[in-house]
Each structure stands twice: as C-alpha cells, then as structure tokens.
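Trainee: Below is the structure I would like to discuss, written out as structure tokens.
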Amino acid sequence: MTDVVVVESPAKAKTINKYLGDGYTVLASFGHVRDLPPKDGSVRPEEGFAMDWQADERGQKQVAAIVKALKGADTLYLATDPDREGEAISWHVQAMLAERKALEGVHVRRVTFNEITKGAIKEAMAHPRDLDLPLIEAYLARRALDYLVGFTLSPVLWRKLPGSKSAGRVQSVSLRLICEREAEIEVFKAREYWTVGATFMTPAGAPFTARLTHLDGKKLEQFDLATEEQAHAARDAVAAGTFSVRSVERKKVRRNPPPPFTTSTLQQEASRKLGMGAQGTMRTAQQLYEGMDIGGETVGLITYMRTDGVTMANDAIADIRRHIGSDFGANYVPPQPRVYTTKAKNAQEAHEAVRPTDVSRTPASMARYLNDDQRRLYELIWKRAVASQMQSAELDQVAVDIADGAGRATLRATGSIVAFDGFLKLYSEGRDETDKAADDESRMLPPMAERDPLKRGDVTAEQHFTQPPPRYSEASLVKKMEEIGIGRPSTYASILTVLRDRNYVRLENRRFVPEDRGRLVTAFLVSFFERYVDTQFTAGLEEQLDDISGGRADWRAVMSAFWDAFSAAVAQTKELTITDVIDALDRDLGPHFFPPQPDGADARRCVACGSGRLGLKLGRYGAFIGCSNYPECQYTRRLAVDGGEGEGGDSLKDGMRLLGQHPVTSEDITVKRGPWGLYVQQGEPDPADKKAKPKRASLPRGLDGDSITLEQAVGLLGLPRIVGVHPEFGESIEAGLGRFGPYVKMGAIYGSLDKDDDVLSVGLNRAVDVLAKKLASVRTLGAHPKDGEPVIVRKGRFGPYVQHGQVVANLPRGESMDDTTLEGAVELLVEKGKPLKPKGKAGAKKGAKAKPKASAKTSDDAEAKAPRKTAAKAVGKAASATKKPAAKAKAPAKRKATAKASSSETAKAD
C-alpha cells in the first residue's frame, strides 16, 4: 500500500518521488485540472456568485490517473505550489476526486515546501495541514472578478469600439500607465540650459575637473544660464579668475547591500543586467526551482520564485554567513545577520525570498549543468542572496570648493574613494540607461588642501536640454505596478505578455510604446469606465482580496459590492452612440493624431480635398482617420496598429519599404502590406510569366515593418533553415514558420516554438528540447508484421490515432493510447486506415461539395505529410525509452473572438 502525492509538474514529481521512496506514488496535475468555461454564465452573480467548472481532456486524464493510484491508498497528500493558486489547484483536485467517490476511506492532507530539496520535502511531509479555506476563497473571488470584468467589459469594447480585443481588471490599468506616460512625452517641451566647467591642476601636477556653482555671489539653479550669451559671460568670468582651494569636505558613507530577490526585483534586475523579459525570466526560474540534472540526481537550485517576501530561513542565513567568512574573510561578515522588510504596497510576505537552496552550489560549479540563460539567472540569484548578508561598503566622499581671488566665481569638484568594498566585492545593482546619477565611485580626486593654488586649464560652456520622462521598460513598469499595489508577483509577466499579444503595445529598444489601438482602448475606458481603470481603485480591490485570503473579509460580500457598481456602469453604456464614442476619443486623442504643425498650419485640414476636416472615424474593423466631406472626399489614413486588419496596420508608410538587395541574387528585398498582414518579398513578379511568383515570407510576431532589417528579411526568405543534426537520432532538424507560428521539425515530427524564441537564431539545444516534448507524446507499438516498419500511436488535434507509414486510423471513442496494442492497431489500420494526403491536393472536382474523410481529423499539428523512415525510427527509438507517454505539448490555437484571454492575468495569482 502506497500513499499518493500530487504536485503540479512532472519534473517535480520525478524528483520528489526519488526523495520519498517506494512508499509513495507521486503524480503531476500539470497545473490546473479545470477552469471556468469560456462562455457567458460560468459565473452567476444572481446565485451568490456560483461557478461552473469544466475539466479539459488533460485534466480528466490526470485525475483518472490519481483515481487509479488511490485504490488501496491510506492518505492523499496535495503538494501543489505554496501560493494562492497552488491552494486552488489542490482544492480542484480534491473536488474532482470527491465527485468520482475516490476519497472514501482516504485521508486528504495539504503539504507545502519552499524548495525542492530532500530536507525540505521530508520536513513538509512530517507537518501536513488541511486546505486553507481563506486562500481558496481569495482565489475564487479573484477568478470571478477577472472573469466578470473580461466577459462583461470586452463585449462592450467590441460593440462600441470595433477592432479592440479585450479588457482586463489589471491589464487595462497597466495599459493606462503606458499610454499616460506616452502622452506626457508628447506634450513635453524641452527647456534649454547651460553649464560651465573647467579643468584645474594641483601644485603636484594632478588634473581634475570642476563645475561652476556660484556666480557673483548667487547660487546657480538649473535654468539660471538659459541662453548662450549668459553661458559665455559666465565662462569669461571663470576664464578671467585666479583660483585656489577654498574648502575640502570629507565624510564617510556606508552603503548597505540590497535585500535578496522577490519576484518583482528579480524580473527588474534580470531585465537590466541580462536583457531577459519578464516571461523568459519566470520560465527560466521555474526550471531552476523544479530541478536540474546534477551528476545523475535532479536537484532544485533555487527556492520558490513567486514571492514578495525578502526574508530567508535562519538555516540558509547561517550557511551563507559561513560561506562569506570562508570565501571572502571574516571582515566581510557583519556582526549580526541582516534582517529585511519589504517596502512594497500590499506585500503578503508569505514565502521566503528567492535564494539558492544550497549556497555551496556556486555558479561556477553549476555552470556545466545549465544552459546559458539558466547559468546567468542562477548566478544573479546566488550573488544577490549572498551579498545581502555581507558587510556594508564604506566610501570616502570628497567635495572641494574652488574660488577665485575676486570672489566672483565658485566651482565644485566631487569624487569618492571606496575605502572598503564590502558587498560590492560580489554584487552591485544594475541601473536603467536613463539613470543620470553621477558615477561618484568611479571618479577620484587628487589630494588637495585648503588655500592650495590651482592652475586653470580650459573653460567650457555646454548646452543641455531637459529630457522627457522615459518610457516604461519591463523592469520599470513592474516596479511601478508593485509600488502602486496592482497585480501580484506571479501576474506581472502574464499581464505584460497579454498587452503585447493584443497588439496594444510594442517593445522598442526594450521600452513599451503604446500602439494606437491601445491608446484608443485606454481613452474609451477612461472616458466611460474611469473608476475601473483607476490605479487607486484597483489597488484598493487588491487589498480587499488580501483581506479575504487573511480571513478578514467575506468574499461574496466583496464580490457583491463590486458587481453592483460595475454592472450599473456597464448598463449606462447601452445608451452610448457611435457619435458619443467618436467625440470622446477624438477629443482625448486629437493632440496625438493631429500634432501641431511646425509652420502653424491646421493639422486637421484634409490633404486630399483641402476643405474637409480630418477626424477619428470608426469602421467595421476599427478606427481610422477620415475626411468630414465623405462621401465626396474618400481620403482615409490608417492608424499605427500592428496586424493589417481592415483599417488597422502598423506604422509602415505607403504600404511598402525597400530594405536593400539580396546578397546573392541582388534582387530588391521589400517589406509590404497584404490583406493578411505584413510580409517580405524577394524581387518582383515577371510580367511575361504570370504563374511565376516572387518568394515571400510573413513577418512573425515581434517584428514590425519599420524596424525589420535586411539581414532579418533575408533570413525569413531563407526559411526553413537547418538548425543542426539531432545528437541521438542523427536526423536533420529544421526551423521554419507555419500557419500556427514558428516551429522546429525533424522528419514528420513538428514542435511549436514559444513566443520568446527567435526562429532565425534558435539553436540546436533549444530545438532538441522542443522536439523532446513532442516525441514524448508518441509511443511505438512494435513492428508491422508485413514490412517490419514501426506502428506508432500518437495524439492529434482531434484525438489519438495509430499510424503506419502513410496510413492512419482513429482510435475508437473511449480507447486511450495506453490501452492500444499492436494487434489492435494493425486491425484498425486494415479496417479503417486511410492514406494521408498532401495538403492542398483535393481530389474532388472544382465547385463540388467536399465529403468528410475518415482521416481528416487525424492530422497532428505537424502538417499532413508522410513521415520518412528515419523519422519513424526516431519516434520508435524515443518512445521505447519510456513506458508511459508524457502529456502532449500544447499546440498553438487559432485566434478566437472571446474574452477568455482577457483573464490570463489570473494565470498564477499569488
């Protein structure tokens, strides 16, 4: 008899099973086993916010496996992640098992651990608890809120603002922050100012520089030297003087180390130092948390990465202090351990900070087991955690005032010397490129004393202009959200991803730039739903959700108060006319779409008819600029919205841009706009041969027509490209773009690449990893008795099927892949087998109604092509390595016009 343990991921299950031994069966839920169906009525406010839950095929399969394992078991341990979402997953698993009457006579206990190490697992199993009802209720409230906002507000957008995608409770507030910052930048007016500086030399001959701070007895403020004439007059005054040292001020400054990482600070620092996006950072951190193969053993290298706490376990602090003493010396260990508290608004601090599970696993010793991203991120986490317990750095700061004999001008020189490096020996925080703080640590002044005469060198006057506030980067936006108190540690990455996926914003030089579509949505929401995109209101709602999780508020009461006001606000929009919407948007966004002209001309004057007035219009596919003299004047102008849908489009001017010439054929490479979006083209059509078409390639997500380079365009036109040879199977691996996005392919086996992967540069290691997930969903049954070629069973988009060469057959309804035998598969292939047909070669006559084919629903997300023998052998070899097939990697889905995606910000609500 074995007890059953349920965790979230299969990687974690394998590691924990090894730690617990044969007395336990550890299974994975693969995240959530059920969710709200993406349709109206899944949450019913009129019934006390009752919810309908629906399990997908994967969830049903995982729960069925748990039911099977529970037969004869005494205890079920729910060991999902230690946060609100993990508590909810455990609750869902328990509820589904109870519905199947699988818990009769079984004790159900909840265990949590912050790190996947043997000691932490054993400690957690020794101290189980019951499910935390307040945490579950907080999850229910958050899930219901996001569902109701998405499914109520998004349809209003679709009706009143065609072309918009969705709205979300936190997503829309984050978009508003980006749009308001852009508006500040657009109305910003630069102011001119000047500074005067001079070089000096000490009596010993050491040079240094100083800046003018006082002139004629007055301290100079930033704009006191506002013109070139004033600056030159000040420069001449300095040039006419004879200078000596008036005073030397020295003081010691202590700089304390930053605390260990939270989710937010990890994402910020990874962005600044490593150039990693929030989504990529969390994906890599998840891999480090779940465990890496270290010398044949799977070891979790870091603690749980979704946290807003800055504390560390006492044992971890003690180990770190010992490591500091042995590696850096006793003078780098402070007398007492450092204790940190978070300054973030609404922080829960339920978990430890992100830290290494074992400080003795140094980045250098782990490097050979990690890929480049894992190595860099682990090094960042390790150094930050160790530095947080090191001695403070000590700086000797020096400020020298220099005055002329006549008393007209005073200049100041500043610098500092690191007297003791302390934690700076290991770690220093990164800065945004817009941070203008002086690098005093890197500037050293020569020795000087009061009344020392100085020899003056060149005197310069420099012109400056004030700068607008910087656009948000991923790091600074996450920091702003944390300061305000909106979102939660695990939602930041998904929120930023949703904004980009909706084409509401784009990243330009690692900064968020709002698309016109995003600005239109924000202007609409601010005009008609201002309260629900207000930062203070959203932060206050987060506080109420925290009160629910702490047992201080009733979740239904919080929901009822929100819904009554929100539904009334939505009801008021039913009377809105398109004219009302256009007038509001035109008023708010007029300065953006029609900026003042340098010559003072009317920016709204129609460039076509000369007498009409340009304004914002709404069409079937979205907003555009049109003339008031329509239909006599049919001038229109697209807005800068990526996608090429109707009036939409990105900022590509005139529908075409020449990038250059192909390095081999010398043909023109252009980027153009077509009915389905932007594409690059090599050469032009041949008038003499209408059948011959130039080579074309669509632009993948993340590339826009204004920023794509010639090199990237040539790379896209050269797809598919050979990535390398699979180290195990000896098969060539290709990377290319398909109808569902970028992919890698080995023979007939396709694997979809993630949004963060670049199809032009994806490497062999990443390609092998992607294909491994696909190969895991294929199982070989054995050799066919006729020709000895493998017979395989695999999952397709429309269900499992068996395949032999070019012949496929669907499995009977209700039969699983695990139950399929070689003999049964051969019978199916003989009885129901149909040959796979190449895509696009229809056998019916033109215009005739196509009849459904038995094989039409058996094609996987790999295109319907006949597999080569080498590919089939690779499948057989890979599948034979395991008895049970792993879950199939999620295939990219077609876009659907539902509000389901708007609730993606709830993916992991901490």
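So for the sequence shown, our numbering puts the first residue at 462; every next one is plus one. Using N, Cα and C, we set each Cβ at its ideal position, and we do this for glycine too.
(1) What residue range is occupied by the uninterrupted alpha helix (DSSP H) comprising H553?
(2) Between the beta-carbon of V1184 and the beta-carbon of V1223, is there less than 8 Å?
(3) Classify V847 as helix, strand or coil using the three-state DSSP reduction.
(4) Using the three-state DSSP reduction, which class does M773 fall into: helix, strand or coil?
(5) Looking at chain C, is there any beta carbon in it that lies within less than 8 Å of the beta carbon of D977?
(6) If you follow the alpha helix (DSSP H) that S615 is part of, which residue opens it and which one closes it?
(7) Taking buried to mean at least 16 other C-beta atoms within 10 Å of its own C-beta, is G566 buried or exposed?
(8) Whose C-beta lies closer than 7 Å to the C-beta of A474 among residues of the same chain, with five residues either side of it excluded?
(9) Where do the ends of the alpha helix (DSSP H) carrying L938 lie?
(10) Using beta-carbon positions only, say whether A526 and M557 come within less than 8 Å of one another.
(11) Is the segment 877-886 in contact with the segment 736-752, if contact means three or more CB pairs nearer than 8 Å?
(12) Can you name, in chain order, every residue of its own chain whose Cβ lies under 6 Å from the Cβ of V528, other than the five neighbours on each side?
(13) How would you label L981, buried or exposed, when you count the other beta carbons within 10 angstroms and need 16 or more for buried?
(14) Classify E1108: buried if its beta carbon has 16 or more other beta carbons within 10 angstroms, exposed otherwise.
(15) Does DSSP classify R672 as helix, strand or coil?
(16) Taking all protein chains shown into account, decide if N970 is buried (16 or more other Cβ within 10 angstroms of its Cβ) or exposed.
(17) In its own chain, which residues sit with a C-beta less than 6 Å from the C-beta of K940, not counting the 5 before and 5 after it?
(18) Classify G948 as helix, strand or coil using the three-state DSSP reduction.
(19) Exposed or buried, which one is N1403 when buried takes at least 16 other CB atoms within 10 Å?
(20) Just verifying my parser: in three-state terms, what is the DSSP assignment at G757?
(21) Under 8 Å between the Cβ atoms of P1246 and V1254?
(22) Measuring CA to CA, which of S1028, F1054 and M942 is closest to A984?
(23) Can you give me the start and stop residues for the alpha helix (DSSP H) that A587 sits inside?
(24) In three-state terms, what does DSSP make of D901?
(25) Which class does C1067 belong to by DSSP, given the choice of helix, strand or coil?
(26) Do the CB positions of S1089 and A1045 come within less than 8 Å of each other?
(27) Can you have a look at K1078 and say buried or exposed, based on whether 16 or more other CB atoms are within 10 angstroms of its CB?
(28) Near L1221, which residues of its chain fall below 6 Å by C-beta distance, leaving aside the five closest residues on each side in sequence?
(29) Are the segment 628-640 and the segment 823-837 touching, with three or more C-beta to C-beta distances below 8 Å?
(30) Quick one: what's got a C-beta closer than 7 Å to H1123's C-beta in the same chain, skipping five residues either side?
(31) Alpha carbon to alpha carbon, what distance is there between V617 and T1034?
(32) Rounded to the nearest angstrom, how far is the Cβ of L1006 from that of A599, given a contact under 8 Å?
(33) Please tell me whether R816 and A848 are closer than 8 Å, where the distance is taken between their beta carbons.
(34) Let me check understanding here. Comparing Cα to Cα, which of L831, E1195, I778 and P796 lies closest to A814?
(35) The beta strand (DSSP E) with K712 in it runs from where to where?
(36) May I ask which residues mark the beginning and end of the alpha helix (DSSP H) holding N1226?
Mentor: Answer, in terms of the structure:
(1) R545 to E560
(2) yes
(3) helix
(4) coil
(5) Chain labels in this structure do not include chain C; a single protein chain is all it has.
(6) L594 to K621
(7) exposed
(8) V468, V487, L488 and A489
(9) E935 to I945
(10) no
(11) no
(12) R561 and A563
(13) buried
(14) Note that E1108 scores a pLDDT of 32, beneath 50, so its modelled location is shaky; the value from the coordinates is reported in the next line. E1108 comes out buried.
(15) strand
(16) exposed
(17) Q729
(18) coil
(19) Missing from the structure shown is residue 1403; the chain here goes from 462 to 1371 and no further.
(20) coil
(21) no
(22) F1054
(23) K579 to A587
(24) In this prediction, D901 scores a pLDDT of 44, lower than 50, which makes its location untrustworthy; the coordinate-derived value is nonetheless stated afterwards. Helix, per DSSP.
(25) coil
(26) no
(27) buried
(28) G1176
(29) no
(30) I1130, Q1143 and V1175
(31) 8 Å
(32) 6 Å
(33) no
(34) I778
(35) F704 to R716
(36) L1225 to L1236
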